[in-house]
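Asks:
Chains as they are written, first to last, in my numbering: chain A, 1 to 405; chain B, 1001 to 1260.
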C-alpha cells in the first residue's frame, strides 16, 4: 500500500508546483534549456500571431472544433444518464495528441530548433509529432519501447512513412517510461540543438502546464457545446488517465464548476498486485520520476515498479502532477477499469454506436457503462473519447478472436 | 575522514554499488583507495537512471535485479569507512530512493555510517531546500553538479551550496566514455572558480591517463566512472579489485610510461 513519505514543502522559489507536486527534478545540464523553454513559452502564449497561427492549424488542419455526439442508442440501452462523447478521435492523426504537438511544434520553430525528439507509448503522440514535423519541415526522432513498437506496429509504420526515425528502447519494461528516459538522455546530449516535444502533462516544469494549456481547448469547446445542447453543465466528465493530458484538457475549464464531477480512469490491467496494473492512485505513493514529483508506483526500496495495461498509452508508473493535486484535494475522483472491461467497452461502443474507440479511451467508456445505469435520466455524462481504435486492430483481432470462426 | 585531494591530480572513483555483489564492491572500493583513489562515490542502483549511459545502466539493472537498496549502500559505506578511515566517501543517488527512505532518516543513517557527502543526480539547487537543511543538520557535504550549459547565475548558486567539492560535468550528455576532452570542461572550471575556492572535480567521459592529465591542467581532480564500471563488468568478482587497482595506478602515469 501507499507509504507516507516526507512531502516536499511548497516554496516560492520552486517553479511549476501544483500544491506540493510538480517541480523540476532533472540533471543540471537540462536546467538552462527548461528555463529557456519556460521563457519562450510565456512569450509565445502572449503573442497574438503565434496564437492565431495555432488556432488556424487547429481548425483547418487538425479539424477543431470536434463534435460532441449524443449516444442515443447506448444511453437508452443502459437506462439512466445521457452519454455524450467528445470526439477527439475525429481529429487529424486520430487522437487529441495533435493539439499539443501543433502547439509545441510551432514553439520549437519559433525557438529556431531544427531537430525534434519525442517519446511515445501507444504511438499517437509519436504520429502527431511526426506529422507536425513533416508539416513544419523539422527533423524528427521518436523513442518507443520495444514492447509498444510490437503492439502498436501500425503507428510505427505511420511515423516512418511521415519521415520520422523511430528508435526502439529495450531497457526496463520496454514501454512508455523507458521511452521517456531515453528521450531525456538524447535531450541531455543534444540540448543545444534539440527540442524535446513531450507528449503528456508530465515531466519537469513547464511541460505539465504547457501541455495542459494546449489541450484546454477540449474542455472549452465541450462546455460551450453542452450548454448549447442541454442548457446546463454535465454531471460528470470522464476521461482515461495515463500521463493525464487528455483528462486535464477535458477538465480544466470545469475545475471551478464544483458541481461537475471529474472522473479519471486508470488502467487496472490484469490484477491488483504491483506490476499487473497502472493504477497510481490505488497502488502508488508520492515520489520523483522523470522530472516531476507525483504519485508513483514503486517498491519498498523506491525502485519504480513495472506496469501492465492492454493499452500502451495508460501503461505508465507515474501520473501528471496536476492530477496528484486534484486527487489530494478531492476535486477529481480516480477510478480503475481493467483490461477486460476496456475490451468489452470497445465492442459495446462499436456495435451500438458504430464508433471504434482506442483502448485507452475505452477505459473511460467502460466507466460510463458502469456509471450511467446508476444515475437519473437528467444526469449527463461526457466521455472524452481521446482517440480512435484503428491502431489497436492487431491487439483487438487477437483478444477478440476476430480472425477465427 | 573528510573529502581531501592529497594526491595530484585527485581521483574520484565511481562504483555502482552491488554490481556484481555488495562484497565485491567493498573489496573494489578498498583496493581503489589503496591504489590512490581520494574519494569513492557509491552509486545507488536505480530502476530508471536517465542521466546514465549504457555501461552504468547495465550495472544498475543487474544490481536492481539483485535487490540492492539504498539501505544496503549505507551499510556498505559504513564497512568501507571502518576499513579505510581516511578515505572520502560520497553516496551518489537519484532522488527517489532517498525520498522513499525518508530524507530525515537517510541523512541520519548516512552520517552515522561515516559518509562524507551526498550527490543527487536529479536534484537541482532550487529544489534542494529541505535537503540542504537536513544535510547541514548532520554535517554531510551536499555536492551538486555544474554543467557546461549552466549560466553564471546558476554556477553561483551551485558554488554557494556545495561543500566538499564541486562536480563539473565535462560535456553535455550522459555518463560514458568519449575519445577526446572537449573545451567545455576547462571553460566551465574557470567559470566555477570565480565563485568558489572549493576543489573542482571533472567527470563524465574520463577513461584514461591522457584524459586525467588534461583535467589536471585546469582542475583539482578527475572522476572516473563508466570506465571502472565497465572494467568490473568484464572481470570476475575475484579479479575485479586487482584489475581496478592496476587501472587506477595507470591513470596517474604519463602516457609515455604506459607505452613502454
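Think of the CB as a built atom: it goes at the ideal place given N, C-alpha and C, for glycine as much as any other residue.
Remember, predicted model here, so these are calculated numbers, not experimental data.
Once you ignore the five residues that flank residue 226 (chain A) on each side, which residues in its own chain have a CB closer than 6 Å to its CB?
Replies: If we look at residue 226 (chain A) and ignore the five residues flanking it on each side, its Cβ neighbours are 234.
Asks: With 9 Å as the C-beta to C-beta threshold (strictly closer), list the residues of the region 24-49 of chain A near chain B in chain order.
Replies: The region 24-49 of chain A vs chain B, Cβ under 9 Å: 24, 25, 26, 27, 28, 29, 30, 31, 32, 33 and 35.
Asks: Closest Cβ-Cβ distance between residue 1198 (chain B) and chain C: below 9 Å?
Replies: In the structure shown, chain C cannot be found, because the protein chains are A and B.
Asks: Pull up the DSSP beta-bridge partners for residue 1222 (chain B), would you.
Replies: Answer is B:1011 and B:1202, bridged to residue 1222 (chain B).
Asks: Just the C-alpha distance for residue 1 (chain A) and residue 286 (chain A), rounded to the nearest angstrom, thanks.
Replies: Caution is warranted here: a pLDDT of 29 is assigned to residue 1 (chain A), below 50, making its placement in the model unreliable, and the coordinate value is therefore given only provisionally. Each residue's alpha carbon lies about 12 Å from the other.
Asks: Report buried or exposed for residue 1254 (chain B), applying the criterion of at least 16 other Cβ atoms within 10 angstroms of its Cβ.
Replies: Its Cβ having fewer than 16 others within 10 Å, residue 1254 (chain B) is exposed.
Asks: Which residues, taken in chain order from the region 1088-1108 of chain B, show a beta carbon closer than 7 Å to some beta carbon of chain A?
Replies: So the close ones are 1095, 1096, 1097, 1099, 1100, 1101, 1102, 1103 and 1104.
Asks: Scan the region 1002-1063 of chain B and note each continuous beta strand (DSSP E) run of 3 residues or more that stays entirely inside, going in chain order.
Replies: Within the region 1002-1063 of chain B, the complete beta strand (DSSP E) runs of at least 3 residues are 1010-1016 and 1039-1043.
Asks: Between residue 1225 (chain B) and chain A, is the shortest Cβ-Cβ distance under 9 Å, so that the two count as touching?
Replies: No, because no Cβ of chain A sits closer than 9 Å to the Cβ of residue 1225 (chain B).
Asks: Please list, in chain order, the residues of the region 161-179 of chain A that have any C-beta partner in chain B closer than 7 Å.
Replies: Of all residues in the region 161-179 of chain A, 171, 172 and 177 have a Cβ within less than 7 Å of some Cβ in chain B.
Asks: Please return the same chain residues whose Cβ sits closer than 7 Å to the Cβ of residue 1152 (chain B), not counting the five positions on each side in sequence.
Replies: 1191.
Asks: For the beta strand (DSSP E) containing residue 1102 (chain B), name the first residue and the last one.
Replies: Counting along the chain, residue 1102 (chain B) falls outside any beta strand (DSSP E), and DSSP gives it neither H nor E.
Asks: Using the C-alpha atoms, what's the distance from residue 1233 (chain B) back to residue 1164 (chain B)?
Replies: C-alpha separation (whole angstroms): 30 Å.
Asks: Can you look up residue 86 (chain A) in the DSSP assignment and give me helix, strand or coil?
Replies: Note: residue 86 (chain A) maps to strand in three-state DSSP.
Asks: In chain B, which residues lie with their C-beta within 7 Å of the C-beta of residue 191 (chain A)?
Replies: In chain order: 1149 and 1172.
Asks: Determine the chain B residues that contact residue 304 (chain A) at a beta-carbon separation under 9 Å, and present them in chain order.
Replies: Near residue 304 (chain A) (Cβ distances below 9 Å), the residues of chain B are 1046, 1047, 1048 and 1096.
Asks: Under a three-way DSSP split, which group does residue 370 (chain A) fall into?
Replies: Reduced to three states, the DSSP call for residue 370 (chain A) is helix.
Asks: Give every residue of the same chain whose Cβ lies closer than 7 Å to the Cβ of residue 1038 (chain B), excluding the five residues on either side of it in the sequence, and list them in chain order.
Replies: So the qualifying residues of the chain are 1004, 1005, 1006, 1007, 1010, 1011, 1012, 1088 and 1221.
Asks: For residue 1116 (chain B), would you say it is in contact with chain A, using Cβ-to-Cβ distances shorter than 9 Å as the test?
Replies: Taking Cβ atoms only, chain A never reaches closer than 9 Å to residue 1116 (chain B), which makes this a no.
Asks: Can you say whether residue 389 (chain A) is buried or exposed, counting buried as having 16 or more other CB atoms within 10 angstroms of its CB?
Replies: Classification for residue 389 (chain A): buried.
Asks: Do you know whose CA, among B:1150, B:1132 and B:1149, lies nearest residue 1143 (chain B)'s CA?
Replies: When each option's Cα is compared against that of residue 1143 (chain B), the closest is B:1132.
Asks: Taking a Cβ distance cut-off of 9 Å, strictly less, list which residues of the region 283-295 of chain A are near chain B, in chain order.
Replies: Within the region 283-295 of chain A, the qualifying residues are 285, 286, 287, 288, 289, 290, 291 and 293.
Asks: Since residue 1137 (chain B) meets chain A, which of its residues come closer than 8 Å, beta carbon to beta carbon?
Replies: Correct list: empty, because the minimum Cβ distance to chain A is about 14 Å.
Asks: So, with DSSP's three-state summary, where would you put residue 276 (chain A)?
Replies: Residue 276 (chain A) falls in the coil class under three-state DSSP.
Asks: List, in order along the chain, the chain B residues whose C-beta lies closer than 7 Å to that of residue 188 (chain A)?
Replies: Simply 1051, 1172, 1173 and 1174.
Asks: At the level of alpha carbons, what is the spacing between residue 180 (chain A) and residue 198 (chain A)?
Replies: If I take the Cα positions, the gap works out to 8 Å.
Asks: Roughly how many angstroms separate the alpha carbons of residue 378 (chain A) and residue 236 (chain A), rounded to a whole number?
Replies: So the alpha carbons of these two residues sit roughly 12 Å apart.
Asks: Would you mind reading off the limits of the beta strand (DSSP E) that contains residue 1090 (chain B)?
Replies: Unbroken beta strand (DSSP E) run through residue 1090 (chain B): 1088-1093.
Asks: Tell me which residues share the same chain as residue 443 (chain A) and place their Cβ nearer than 7 Å to its Cβ, disregarding the 5 neighbours each side in the sequence.
Replies: No information on residue 443 (chain A) is available, as it lies outside the stretch 1 to 405 that chain A covers here.
Asks: My output table needs one value for residue 210 (chain A): the three-state DSSP class, helix, strand or coil.
Replies: DSSP places residue 210 (chain A) in helix when its eight states are reduced to three.
Asks: Taking DSSP as the reference, what is the three-state secondary structure of residue 316 (chain A)?
Replies: In the structure shown, residue 316 (chain A) sits in coil (DSSP, three-state: anything other than H, G, I, E or B).
Asks: Quick check on the DSSP output: the alpha helix (DSSP H) that includes residue 133 (chain A) runs from which residue to which?
Replies: Start and end: 124-136.
Asks: Do we get a CB-CB distance below 9 Å when we pair residue 200 (chain A) with the residues of chain B?
Replies: By this cut-off, residue 200 (chain A) is not an interface position.
Asks: If you follow the beta strand (DSSP E) that residue 337 (chain A) is part of, which residue opens it and which one closes it?
Replies: 332-338 is the extent of the beta strand (DSSP E) around residue 337 (chain A).
Asks: Given that a residue counts as buried once 16 or more other Cβ atoms are within 10 Å of its Cβ, and exposed if not, what is residue 1085 (chain B)?
Replies: Exposed, because fewer than 16 other Cβ atoms sit within 10 Å of the Cβ of residue 1085 (chain B).
Asks: Rounded to whole angstroms, how far is the Cβ of residue 274 (chain A) from the Cβ of residue 305 (chain A), which I believe are closer than 8 Å?
Replies: Right, the Cβ-Cβ distance comes to about 5 Å (below 8 Å), so this counts as a contact.
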